[in-house]
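Residues in the sequence shown are numbered consecutively from 1, following the working numbering.
C-beta atoms are modelled at their ideal positions from N, C-alpha and C, and glycine is treated no differently.
Taking it in order: structure first as structure tokens, then the write-up.
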Amino acid sequence: MSAAHDHHHGPAKGISRWLFTTNHKDIGSMYLWFSFAMFLLGGTFALVIRAELFQPGLQFVDPLFFNQMTTMHGLIMVFGAVMPAFVGMANWMIPLMIGAPDMALPRMNNWSFWILPFAFAMMVSTLFMEGGGPNFGWTFYAPLSTTYGPPSTTFFIFAVHILGASSIMGAINVIATILNMRAPGMTLMKMPLFVWTWLITAYLLIAVMPVLAGVVTMMLFDIHFGTAFFDAAGGGDPVLFQHLFWFFGHPEVYIMILPAFGIVSAIIPTFARKRLFGYDSMVYATASIAFLSFIVWAHHMFTVGMPLAGQLFFMYATMLIAVPTGVKVFNWVATMFRGSMTFETPMLFAIAFVVLFTIGGFTGVMLAITPVDFQYHDTYFVVAHFHYVLVPGAVFSLMAATYYWLPKWTGYMYDENLGKLHFWLSFVGVNLLFFPQHFLGLAGMPRRIPDYALQFADFNWISSVGGFLFGFSQLILLFVVIKCIRGGKKATAQVWEGAQGLEWTVASPAPYHTFETPPDPALIKAQ
1 MSAAHDHHHG PAKGISRWLF TTNHKDIGSM YLWFSFAMFL LGGTFALVIR AELFQPGLQF
61 VDPLFFNQMT TMHGLIMVFG AVMPAFVGMA NWMIPLMIGA PDMALPRMNN WSFWILPFAF
121 AMMVSTLFME GGGPNFGWTF YAPLSTTYGP PSTTFFIFAV HILGASSIMG AINVIATILN
181 MRAPGMTLMK MPLFVWTWLI TAYLLIAVMP VLAGVVTMML FDIHFGTAFF DAAGGGDPVL
241 FQHLFWFFGH PEVYIMILPA FGIVSAIIPT FARKRLFGYD SMVYATASIA FLSFIVWAHH
301 MFTVGMPLAG QLFFMYATML IAVPTGVKVF NWVATMFRGS MTFETPMLFA IAFVVLFTIG
361 GFTGVMLAIT PVDFQYHDTY FVVAHFHYVL VPGAVFSLMA ATYYWLPKWT GYMYDENLGK
421 LHFWLSFVGV NLLFFPQHFL GLAGMPRRIP DYALQFADFN WISSVGGFLF GFSQLILLFV
481 VIKCIRGGKK ATAQVWEGAQ GLEWTVASPA PYHTFETPPD PALIKAQ
């Protein structure tokens, strides 16, 4: 018996370890490596866009390919880079944070990861098909994606279905784990905020992913089976597509930021060496944001035309989201206030997150104001807004989390000087890249165009330089991670002086199996 038991304690050897693993740490690592590969691919597509826009006139690619690049960049970054990265963080850290031995549904966990590479292989393969890949924007509005879409659209629809299935399975797993597998003494209001934000995110995913599946199925039927859901000639309505898409799409952007709030809420208290200010209000604010995310979707559609009552409702509901978000920003600043702060790389990324995400929030409130949105809509101002929320927001939080937990994952400290170099190049690069785009948008430069008028040349030049700086500085991150895996200064179990929580009570690197017996309840403190 003991021999059989021991057999299950170490990882398998070779490729079968990764193909057949049910271990949350292995699966989390695979998600993270996959998402980083997708980040580099999506980033390459973005650099094609920025190279083309370096100066007016057509330089490198033809307009149709340019549109395929904007579309694939968006799809890969949202569904291939940001979301799988957060799922990887969840897989690795949630069981450690709540004192669980693994995820609740370990075999489904393996399956929900392994269908992703096939989905993205299919999506990227469309670029090599006749008529090219999707060229209708990441929002794939009908009829551009149905009546006028390339033949490869069907493949794209299948890929979206698969990644939707993966997300739903991952979300079910997170909910089952958090609700059923917390260690004795780990009440809901003692959970780390990363766990709370992921619990709420998982409910959002389960609520909206079926809507995405439905809308792409309707596209499929319009293309192949003679229906006319989105075709006015057959009694359908292209605006119906937009309502369905954004009913998914707006909660989706909160799905991409709520786990980031959880990460920042773990990092700031650690490096301020203080308990998080206002834990309860953070939980309620997260739930409020999740609720409000369902009733604001039409703010993406002001220019489509809607009754005054609709414009007012969606405008005020959208501006209301600034309140719980403001509560969070206040609590982060209050946590730092009079703390014994040190500025290691995770803290630098977390502070940059708070500052730059707040800028993105301000421009979001501007876009929420219906009459001025008529001017801003579909200009580079919108591009600047959501990239300020997603790059210094979601992506910076993922970088912060990587530096913060890397010693726990590998057992070695990363190179702090290289980490700081990566931070400063990314910080300067991201601001050079996206800040000028606000000015371009206010001056009237439309989105999704491969060529532009001469008056926009200077800001585009600056933006492109920032883009290449930001893009290439990510290679430093790759180098730091590989160097850290290969060795370095040994990390202690606690790693960071101010770190609190169950994940810092296990050894570094975290053993392959943890919390096979529940942790001592005395270790579980209020956050």
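Ends of the alpha helix (DSSP H) at residue i?
i, result
"S340", "From DSSP, S340 is part of no alpha helix (DSSP H); its letter is neither H nor E."
"P184", "It is not in any alpha helix (DSSP H) - P184 carries neither H nor E in the DSSP assignment."
"I263", "258 to 272"
"H438", "416 to 442"
"K13", "Counting along the chain, K13 falls outside any alpha helix (DSSP H), and DSSP gives it neither H nor E."
"L64", "63 to 75"
"W246", "238 to 255"
"I27", "24 to 52"
"I289", "279 to 292"
Could you check what DSSP says for residue i in three-state terms: helix, strand or coil?
i, result
"T227", "coil"
"K408", "helix"
"T379", "strand"
"K483", "helix"
"T217", "helix"
"P346", "helix"
"P392", "helix"
"P446", "strand"
"K525", "coil"
"K490", "strand"
"V506", "coil"
"P519", "coil"
"N135", "coil"
"W18", "helix"
"T318", "helix"
"Q474", "helix"
"P511", "coil"
"P56", "coil"
"Q500", "coil"
"T303", "helix"
"A3", "Low confidence applies here, because A3 scores a pLDDT of 49, under 50, leaving its location unreliable and the question unanswered by this model."
"V296", "coil"
"L308", "helix"
"L276", "coil"
"A453", "coil"
"G466", "helix"
"I577", "What is shown of the chain runs 1 to 527, which leaves residue 577 out entirely."
"P209", "Correcting the residue type first, residue 209 is Met in the shown sequence and not Pro. The answer is helix: DSSP assigns M209 an H, G or I state."
"M123", "helix"
"V495", "coil"
Do the CB positions of residue i and residue j come within less than 8 Å of each other?
i, j, result
"M319", "A368", "yes"
"N110", "I27", "yes"
"A350", "I223", "no"
"A522", "T505", "no"
"I263", "F330", "no"
"S464", "Q437", "no"
"F434", "Y388", "yes"
"G360", "G393", "yes"
"S281", "Y254", "no"
"A298", "W246", "yes"
"T201", "A499", "no"
"L127", "I76", "no"
"F302", "D378", "no"
"L212", "F248", "yes"
"A46", "G467", "yes"
"G501", "P192", "yes"
"A81", "M122", "no"
"H161", "D102", "no"
Please report whether the beta-carbon of residue i lies at a distance below 8 Å from any beta-carbon of chain C.
i, result
"F79", "Protein chain content of the structure displayed is limited to a single chain, and chain C is not contained in it."
**OP:** List in chain order: all unbroken beta strand (DSSP E) runs of 3+ residues lying wholly within the stretch 140 to 205.
**Re:** none
Original post:
Within the chosen definition, does the stretch 95 to 102 reach the stretch 181 to 190 through at least 3 CB pairs nearer than 8 Å?
Top reply: yes
Subject >> Residue ranges of each beta strand (DSSP E) within the stretch 88 to 118, 3 or longer >> reply: none
Original post:
Just checking, does the stretch 115 to 126 make contact with the stretch 423 to 436 on the three C-beta pairs under 8 Å criterion?
Top reply: no
Original post:
Is the stretch 61 to 68 touching the stretch 366 to 386, taking contact as three or more C-beta pairs under 8 Å?
Top reply: no
Original post:
Is the stretch 50 to 62 in contact with the stretch 137 to 146, if contact means three or more CB pairs nearer than 8 Å?
Top reply: The stretch 50 to 62 makes no contact with the stretch 137 to 146; the number of CB pairs closer than 8 Å stays below 3.
Original post:
Taking one C-beta from the stretch 142 to 154 and one from the stretch 162 to 179 each time, how about it: are there three or more such pairs within less than 8 Å?
Top reply: no
**OP:** Taking 8 Å as the threshold, find out whether the stretch 31 to 41 comes into contact with the stretch 71 to 88 through three or more Cβ pairs.
**Re:** Judged by pairs of C-beta atoms under 8 Å, the stretch 31 to 41 touches the stretch 71 to 88, as three or more such pairs exist.
Original post:
Is the stretch 398 to 410 touching the stretch 482 to 498 in the sense that three or more CB pairs, one from each, lie closer than 8 Å?
Top reply: A contact exists between the stretch 482 to 498 and the stretch 398 to 410.
**OP:** Take every Cβ of the stretch 321 to 330, pair it with every Cβ of the stretch 285 to 292, and state whether three or more of those distances are shorter than 8 Å.
**Re:** yes
Original post:
Three or more beta-carbon pairs under 8 Å between the stretch 443 to 458 and the stretch 476 to 485, yes or no?
Top reply: no
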